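Asks: Heads up: the sequence shown is residues 3 to 323, going by our numbering.
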Amino acid sequence: MLIPVIIGVTLIIFLMLAITPGDPARQILGAEATDAQVEELREEMGLNDPMPVRYLRYLWDMLHGDLGTSYTSKQPVTSELLDRFPTTLLLAILCTIVGAIIGIIMGIISAVKQYTIFDNFARVLALAGISVPSFWLGLMLIILFSVKLKWLPSSGFYGPKYWILPAITVGLVQAATVMRQTRSAMLDVVRQDYIRTARAKGQSEFKVVMGHALPNALIPIITVLGMQFGHGLGGAVISEQIFSIPGIGKLMVDSINARDYPMVQGGVLMIAVSFTVVNLLVDILYAFIDPRIKALYVGKKAKKEEPEKTEETGSEAVSKK
3 MLIPVIIGVT LIIFLMLAIT PGDPARQILG AEATDAQVEE LREEMGLNDP MPVRYLRYLW
63 DMLHGDLGTS YTSKQPVTSE LLDRFPTTLL LAILCTIVGA IIGIIMGIIS AVKQYTIFDN
123 FARVLALAGI SVPSFWLGLM LIILFSVKLK WLPSSGFYGP KYWILPAITV GLVQAATVMR
183 QTRSAMLDVV RQDYIRTARA KGQSEFKVVM GHALPNALIP IITVLGMQFG HGLGGAVISE
243 QIFSIPGIGK LMVDSINARD YPMVQGGVLM IAVSFTVVNL LVDILYAFID PRIKALYVGK
303 KAKKEEPEKT EETGSEAVSK K
């Protein structure tokens, strides 16, 4: 499904940019350019061609590794995206780590201590984390830790000290979703008979939870973590703009304002491909986390091979006769 998803993404973003008000040629030349100059540049950029022709040309170039040339910087889109992608990837990884640590720990404790004060407090925090916009949270953290306390820098991405505020801003929002999913998955597991049996054998509560309950609840947790990582790549558009991080998100916002269509299309395509690849890796990871999933597909493969062996045996018997 990776190929149709990518084609669908390219089609949607192409159509959205095509109907967006504004003329890229006029944006590049400025308000003082004449209509003849604008029309000449539009013809040179291929903007006067029919929309299906422009889209098919874009797909053909994309299949050959060419995402076009930026209207503003006159540089290849692919090279500029590859230069900025490591920054966005690092930000997404840091945000996912923060969300996983906080969300999983709070979710486990909340499930084990169900209906206690901690459980109620954790659920309120999770609801607040889902409801609070990340850009507002980022601005509040900047006001507190950068303006008031002067502990952390408010912009840039030049070292570990600069990573803290962006990672916390997006990570706390992700932690709310991870906490809710972890709590739900753990509550389903801790009520199982084998958990009751492990406790009856005298095993410690820590071993029961971490050694028996958590491994069997990891599938939905890993799923939501993969989705949160993909959202981290897309959510970088907001966090990078707030904290002035030189990643793909900020580049896309600047390109939208400049009507730089090739750069916007390339940025959305890179984020979409990254998201789908992460989902593919999460699906593959299922087999390593839960042996039952791997055994299921191995068993199906063995059943398919059995009739073939039977037919071969029958043909051999006929030939012998």
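We treat Cβ as the ideally placed atom computed from N, Cα and C, and that holds for glycine. For clarity, every value in this text was computed on a predicted model and none was experimentally measured.
By Cβ distance below 7 angstroms, which residues in the same chain neighbour Q230 in space, the five residues on each side in sequence not counted?
Replies: T98, G101, Q176, T179 and V180
Asks: Is T71 helix, strand or coil by DSSP?
Replies: Of the three classes helix, strand and coil, the one that applies to T71 here is strand, per DSSP.
Asks: Counting pairs of Cβ atoms below 8 angstroms between the segment 180 to 198 and the segment 152 to 170, do you hit three or more?
Replies: no
Asks: State the CB to CB distance for the pair L91 and P168, rounded to an integer number of angstroms; the pair is presumed to be in contact (CB under 8 angstroms).
Replies: In fact, because the Cβ distance is near 13 angstroms, the residues do not count as touching under 8 angstroms.
Asks: Using DSSP's beta-bridge definition, name the partner residues of P78.
Replies: The bridge partners DSSP lists for P78 are T71.
Asks: Measuring CB atoms only, is the segment 250 to 270 touching the segment 16 to 32, in the sense that at least three cross pairs come out at less than 8 angstroms?
Replies: yes
Asks: Any idea what DSSP makes of V226, helix, strand or coil?
Replies: helix
Asks: Okay, do the segment 209 to 221 and the segment 279 to 293 touch, 3+ Cβ pairs below 8 angstroms being the bar?
Replies: Output reads yes: the segment 279 to 293 touches the segment 209 to 221.
Asks: Tell me the residue span of the alpha helix (DSSP H) that contains G324.
Replies: Outside the displayed span of the chain (3 to 323) sits residue 324, for which this structure offers no information.
Asks: Starting from the C-beta of I106, find all residues in its chain whose C-beta is less than 7 angstroms away, skip the five residues before and the five after it, and write them out in chain order.
Replies: V180, T184 and I223
Asks: Please state the DSSP three-state secondary structure of S157.
Replies: The three-state reading of DSSP puts S157 in coil, since its state is none of H, G, I, E or B.
Asks: Counting along the chain, where does the alpha helix (DSSP H) carrying R56 start and finish?
Replies: M53 to L65
Asks: S156 to M142, Cα distance in whole Å?
Replies: Computed Cα separation, rounded: 11 angstroms.
Asks: Between G232 and A130, what straight-line distance do the alpha-carbon atoms span, to the nearest angstrom?
Replies: When rounded, the distance between both Cα atoms is 21 angstroms.
Asks: State the Cα-Cα distance for the pair W153 and F147, rounded to the nearest angstrom.
Replies: 5 angstroms
Asks: I'd like to know whether the C-beta atoms of M53 and L17 end up nearer to each other than 9 angstroms.
Replies: yes
Asks: Measuring alpha carbon to alpha carbon, tell me which residue in Y73, S72 and L58 is nearest H66.
Replies: Ranking the options by Cα distance to H66, first place goes to L58.
Asks: Taking the Cβ atom as the reference point for each residue, do L61 and I9 lie within a distance shorter than 9 angstroms?
Replies: yes
Asks: Given that a residue counts as buried once 16 or more other Cβ atoms are within 10 Å of its Cβ, and exposed if not, what is A187?
Replies: buried
Asks: Would you mind sorting L46 into buried or exposed? The rule is 16 or more other CB atoms within 10 Å of its CB.
Replies: Inspection of the sequence shows that residue 46 is occupied by Glu rather than by Leu. Exposed, because fewer than 16 other Cβ atoms sit within 10 Å of the Cβ of E46.
Asks: By Cβ distance, which residues of its chain are closer than 8 angstroms to Y288, with the 5 residues on each side in sequence left out?
Replies: I221, I224 and I295
Asks: Identify, in the order they occur along the chain, each residue of the same chain with its Cβ nearer than 6 angstroms to the Cβ of G173, setting aside the five sequence neighbours on each side.
Replies: C97, V100 and G101
Asks: Can you find at least 3 beta carbon pairs, one from the segment 250 to 257 and one from the segment 197 to 208, that sit closer than 8 angstroms?
Replies: no
Asks: Using the beta-carbon count (16 or more within 10 Å), is I273 buried or exposed?
Replies: I273 counts as buried, since no fewer than 16 other beta carbons sit within 10 angstroms of its beta carbon.
Asks: Consult DSSP for E34 and reduce its assignment to one of helix, strand or coil.
Replies: Coil at E34, not helix or strand.
Asks: Measuring CB to CB, does V226 end up less than 9 angstroms from V114?
Replies: no
Asks: Please say whether M265 and S72 have beta carbons closer to each other than 9 angstroms?
Replies: Going by C-beta atoms, S72 is nearer than 9 angstroms to M265.
Asks: What separation, rounded to the nearest whole angstrom, lies between the Cα atoms of I286 and A33?
Replies: 53 angstroms
Asks: Within its chain, find whatever has a CB closer than 8 angstroms to the CB of I15; leave out the 5 residues flanking it on each side and keep chain order.
Replies: V266, Q267, V270 and L271
Asks: Can you give the Cα-Cα distance for T199 and D190, rounded to whole angstroms?
Replies: 16 angstroms
Asks: Excluding the 5 residues preceding and the 5 following A20 in the sequence, name in chain order all residues of the same chain whose CB lies nearer than 7 angstroms to its CB.
Replies: M53
Asks: Between I104 and L216, how many whole angstroms is the CB-CB distance? I'm expecting something under 8 angstroms.
Replies: Not really, about 16 angstroms apart at Cβ, beyond 8 angstroms.
Asks: My parser needs the alpha helix (DSSP H) runs of 4 or more residues fully inside the segment 163 to 239; what are they?
Replies: 195 to 202
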